[in-house]
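Count along the sequence shown starting at 1, add 87, and that's the number in our numbering.
Glycine included, every Cβ here is placed at the ideal spot set by N, Cα and C.
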Amino acid sequence: MDKLWHFLAGMVISVVVGLCINPVMGFCAGGTAGVAKELYDLYYKKTYINIKDIQFTASGACLGLLITVLIKYLWHEQSAQ
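Encoded structure:
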């Protein structure tokens, strides 16, 4: 269940930032959030960095990038007609 939350967080962050700024920045924000969360776990929770968590967050950010590009493309096509 934890991995699902990481995936969804990466995707949501990517889509929101991607629609507000641009898709690549959204992807970067989603990936950065995953790394930042693991660094938080390491330094404040005194646990370890879980590479799988970073991978799932980045995977969600990647899907968010694809969704954002698709939304922007469809929006552009719609407004061009």
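| Check | Outcome |
| --- | --- |
| Inter-stretch contact (C-beta, 8 Å, three-pair minimum) for the segment 117 to 137 and the segment 92 to 104 | yes |
| Residue 93 classed as buried or exposed, judged by whether at least 16 other C-beta atoms fall within 10 angstroms | buried |
| Pair within 9 Å by beta-carbon distance, residue 122 and residue 113 | no |
| Per-residue DSSP class, three states only, for residue 127 | helix |
| Buried/exposed call for residue 140, threshold 16 Cβ in 10 Å | buried |
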